[in-house]
Amino acid sequence: MHNSASAQKMISRKLHSERANRRPVTASLEGKSFERFIEELSSSFVRAPVDEIGDEIDRWIREIVLGLDLDRGALAQIDAKSGNLVVRHSWSRDQLVKLPIGLGFTQSAPWFNSTLMSGRTVAFSKVSELPPEFFESDWKTYRRYVPKSNVTVAVRIGGEVVGALGFGTVKKERTWSPRLIHRLELVGEIFGNALERRLATEEIILLRNELSHMSRTTVMGELTASLTHQLNQPIGAILMNAEEMQKMLESGQPDLESLRAVVGDIIQDDLRATETIKGLRSFFRKSEVEKTPLYLRDVVAEVMRIVRGDALFRNVSLAFEAPPSRGRVAGDRIQLQQAILNLVLNAFDAVSEKDGLREVSISIGVDKDEAKIAVRDSGNGVDPAMIAHIFEPFFTTKSKGMGMGLAIVRSIIKAHGGQVSARRNPDRGSTFEITLPALQEKI
Ligand code: ADP
Numbered sequence: 040m041h042n043s044a045s046a047q048k049m050i051s052r053k054l055h056s057e058r059a060n061r062r063p064v065t066a067s068l069e070g071k072s073f074e075r076f077i078e079e080l081s082s083s084f085v086r087a088p089v090d091e092i093g094d095e096i097d098r099w100i101r102e103i104v105l106g107l108d109l110d111r112g113a114l115a116q117i118d119a120k121s122g123n124l125v126v127r128h129s130w131s132r133d134q135l136v137k138l139p140i141g142l143g144f145t146q147s148a149p150w151f152n153s154t155l156m157s158g159r160t161v162a163f164s165k166v167s168e169l170p171p172e173f174f175e176s177d178w179k180t181y182r183r184y185v186p187k188s189n190v191t192v193a194v195r196i197g198g199e200v201v202g203a204l205g206f207g208t209v210k211k212e213r214t215w216s217p218r219l220i221h222r223l224e225l226v227g228e229i230f231g232n233a234l235e236r237r238l239a240t241e242e243i244i245l246l247r248n249e250l251s252h253m254s255r256t257t258v259m260g261e262l263t264a265s266l267t268h269q270l271n272q273p274i275g276a277i278l279m280n281a282e283e284m285q286k287m288l289e290s291g292q293p294d295l296e297s298l299r300a301v302v303g304d305i306i307q308d309d310l311r312a313t314e315t316i317k318g319l320r321s322f323f324r325k326s327e328v329e330k331t332p333l334y335l336r337d338v339v340a341e342v343m344r345i346v347r348g349d350a351l352f353r354n355v356s357l358a359f360e361a362p363p364s365r366g367r368v369a370g371d372r373i374q375l376q377q378a379i380l381n382l383v384l385n386a387f388d389a390v391s392e393k394d395g396l397r398e399v400s401i402s403i404g405v406d407k408d409e410a411k412i413a414v415r416d417s418g419n420g421v422d423p424a425m426i427a428h429i430f431e432p433f434f435t436t437k438s439k440g441m442g443m444g445l446a447i448v449r450s451i452i453k454a455h456g457g458q459v460s461a462r463r464n465p466d467r468g469s470t471f472e473i474t475l476p477a478l479q480e481k482i
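My numbering puts the last residue of the sequence shown at 482; the count rises by one with no breaks.
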């Protein structure tokens, strides 16, 4: 039987199907290729099926250790029961100096524990830089693991510290530039997003609730962390250069050669930002539509199975009217399911917003050329003034909305040569309708 959890897996498997040949990491945390490094890191996490996030974390800890010429790295997570920071992932060049999986910090390293739990980064080039409290409480355990230089950054989910990610040397000392520390903090942020996705999915398995909204939000979170960083940099540089130009112009006798150089920089930074956006587009485009003939009824039946638990949980009566004819369309089963699922989850939200009837129905209509799937709800009805905007990315009227659901529906349906529309029903609620070209059946 399919349930939310297995459907979630199917959806993520699909997203990662082209990942079979995992590419080696080509960029590094130091130097110019950092942008690419972050891109590779976030996209591997985004693409990893939830049950492979752990392997991906191990792989990236190893990559970072080797890339920075360090000796070891580890990720500790807060244990839900004890509240203790416990090492969950660990990699080192030499087994002798590996931080053991399961090592808890509360007893063995209380200073480290409380500093990291407060969200602060701990960085030292020499052990002697650490404060006296460290030597009073932590040194005994720490000495066993012979640190020379180390950086440990907080790993957060939604602003809350949930773990710590550390890297260090045991053979020789080294210094950590503020830039590298900042970069590792960003890496910690991306790890946090990946953990969030894993956690969210574990919760889904328990609750069988709202699968798509959650995974979508967290995937977007991972992308946003990387994108924000990549765009902030050139945008900041453009502003600085523009201000510089303003100063030069105001000086009365601007040096044309310098002005030309500054304009050149602005153009370069602008191109870089454009490339980043293009890269993101192609990232999404990679999940190409593989079309196979599908019975629409089976596609909707599958979605019904996925959301039945949610409907019960949210006290929504859910109906499905399938026509006798078994209309077929050419499509990607998972993507079409995702599109219908998004409409159904929105319908659930709409009927949950007000008291009274909580009814959602899905119907299919097929004629010679067209197949239609309509999702109708008894909610407040989409505001006519907003209909023009609801399919735009990031448009939302919900306090916790992402505004990506309908944008994803539209892009999937467009890729299938179809259309999606919304209307307010004459009595109550709204109807969202997908129209797809029907496959001509040979008789
Ligand atoms: P989100 O659900 O995160 O807000 P969507 O793109 O799925 O993002 O939806 C965008 C907006 O469209 C919603 O915030 C809501 O205002 C409106 N909307 C979508 N579905 C419905 C519906 N069934 N009834 C009323 N309004 C809807």
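Here a beta-carbon is modelled for each residue, glycine too, at the ideal position from N, C-alpha and C.
Using a cutoff of 7 angstroms, the CB of Gly418 counts as near the ligand ADP, since one of the ligand's heavy atoms is closer than that.
Within the region 403-454, complete alpha helix (DSSP H) segments of at least 4 residues are found at 444-454, given in chain order.
Per the coordinates, the alpha-carbon of Gln272 lies some 14 angstroms from the alpha-carbon of Gly70.
With a 10 Å radius around the Cβ and a threshold of 16 neighbouring Cβ atoms, Gly468 comes out buried.
Not a single heavy atom of the ligand ADP lies less than 7 angstroms from the C-beta of Ser460. Val355 and Arg397 have their C-alpha atoms roughly 5 angstroms apart. Under the three-state reduction of DSSP output, Gln458 falls in the strand class. Taking 7 angstroms as the cut-off, the C-beta of Ser469 counts as close to a heavy atom of the ligand ADP.
Annotated as distal: Val338 and Arg367, with beta-carbon spacing of 8 angstroms or more. Apart from the 5 residues on each side of it in sequence, Leu169 sits with its Cβ closer than 7 angstroms to the Cβ of Phe163 in its chain, given in chain order. The Cβ neighbour count for Gln307, taken over all protein chains shown within 10 Å, is under 16; the residue is labelled exposed. In this structure, Ile429 has its beta carbon less than 7 angstroms from a heavy atom of the ligand ADP. Shown here for Ser297: same chain residues with a beta carbon closer than 8 angstroms to its own, the five before and five after excluded, namely Met287 in chain order.
Cα atoms of Phe359 and Val414: separation of roughly 9 angstroms, rounded to the nearest angstrom.
Counting every other CB atom within 10 Å of its CB across the protein chains shown gives Phe433 a total below 16, marking it as exposed.
Our two residues, Phe430 and Ile92, have alpha carbons roughly 31 angstroms apart in a direct line. In this structure Thr191 touches Val161 by the C-beta definition: roughly 5 angstroms separates them, less than 8 angstroms. Here the alpha carbons of Arg127 and Val301 stand approximately 48 angstroms from one another.
DSSP, read as helix, strand or coil, puts Glu314 in helix. Restricted to the region 330-405, the alpha helix (DSSP H) segments that are unbroken, complete and at least 4 residues in length are 335-352, 372-391, listed in chain order.
The beta carbons of Val383 and Val405 sit about 19 angstroms from each other, so the pair does not count as a contact at 8 angstroms. Under the DSSP assignment, Asn152 falls in the alpha helix (DSSP H) whose first and last residues are 149-156. The closest heavy atom of the ligand ADP lies 7 angstroms or more from the beta carbon of Lys137. For Trp178, there is no enclosing beta strand (DSSP E); the residue is found in the alpha helix (DSSP H) stretching over 178-183. Here Trp99 carries a helix assignment [DSSP, helix/strand/coil]. Between the C-alpha atoms of Phe84 and Ser216 there is a straight-line separation of about 26 angstroms.
For Trp150, the CB contacts under 7 angstroms within the same chain, skipping 5 residues up- and downstream, are Glu172, Phe173, Ser176, Asp177 in chain order. Here Ser131 carries a strand assignment [DSSP, helix/strand/coil]. In this model, Lys165 and Phe73 are separated by some 26 angstroms (Cα to Cα).
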